[in-house]
Each structure stands twice: as structure tokens, then as C-alpha cells.
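Accompanying notes for the structure given below.
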Amino acid sequence: MHIEDKVLPAHDASDGVTRVIYESKDESTSKTFDALDWLFQLVIHIRNKGEEMVCYYGYYSNKPRGLRKKYGTDNQVPASIDSDTCANNAKLYFASIQ
Numbered sequence: 007m008h009i010e011d012k013v014l015p016a017h018d019a020s021d022g023v024t025r026v027i028y029e030s031k032d033e034s035t036s037k038t039f040d041a042l043d044w045l046f047q048l049v050i051h052i053r054n055k056g057e058e059m060v061c062y063y064g065y066y067s068n069k070p071r072g073l074r075k076k077y078g079t080d081n082q083v084p085a086s087i088d089s090d091t092c093a094n095n096a097k098l099y100f101a102s103i104q
């Protein structure tokens, strides 16, 4: 959910259940919730007292994610390094500098 998204009350409550219509900013997504379900979806994003917000750094931070999305590389899996290869290279490096 984003601030730019729209939340509209549904006017056709013929069965007596109040509903809320959620529309995304670009109007590509529209979903109807019962009012209590909507409140639940909203309050699950509120942190508990004293709970810290998780910040993302490096690969998962906002700028790199935005750049990957901009250049269309967001769905690519990052390359992983074999731990044995990394350990062997580290040993060779430290042996060469001693």
C-alpha cells in the first residue's frame, strides 16, 4: 500500500456489510475488502511499542532496488560465490603477502 493509493467506501452494501474498495495509484489493481478486513490489513503495518523498523542496506536498499527496476535487472538472481573457492582465494592471498 502506498500513500498515493486510493481507498473508497463501497456504496452498494445491499447485504448490510460495509465494504472498502482499494485502488492502486496507477489503477492497475482494485480489490474490495469487508471493512473489518480492511482495518486488519491496515493495522498489521503498525509496529508494536518499542519495536524498531527494519532498514535495508546494500543490495536491498531503495536506491539499488530502484536502479535495478529502472534498467530491468530486478528479476535477475544475484551471483553467489562458492564458499570453498572464496576461502581458497583468501588463503592464497594472505600467503602471498606474508
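Each residue of the sequence shown is one higher than the last, beginning at 7 in my numbering. Note that beta-carbon positions come from the ideal geometry of N, C-alpha and C, so glycine has one too.
(request) Return helix, strand or coil for M7, following the three-state DSSP convention. (result) Residue placement at M7 cannot be trusted, given a pLDDT of 49 that sits under 50; the coordinates are not used to answer.
(message) Comparing C-alpha positions only, which one of D40, D32, S34, I27 sits nearest to D21?
(response) Nearest in C-alpha terms to D21, of all of D40, D32, S34, I27, is D40.
(request) Starting from the Cα of L45, find the closest Cα among V60, Y77, T24, R74 and give me that residue. (result) Nearest option by C-alpha distance: T24.
(request) Consult DSSP for N54 and reduce its assignment to one of helix, strand or coil. (result) Three-state result, N54: coil.
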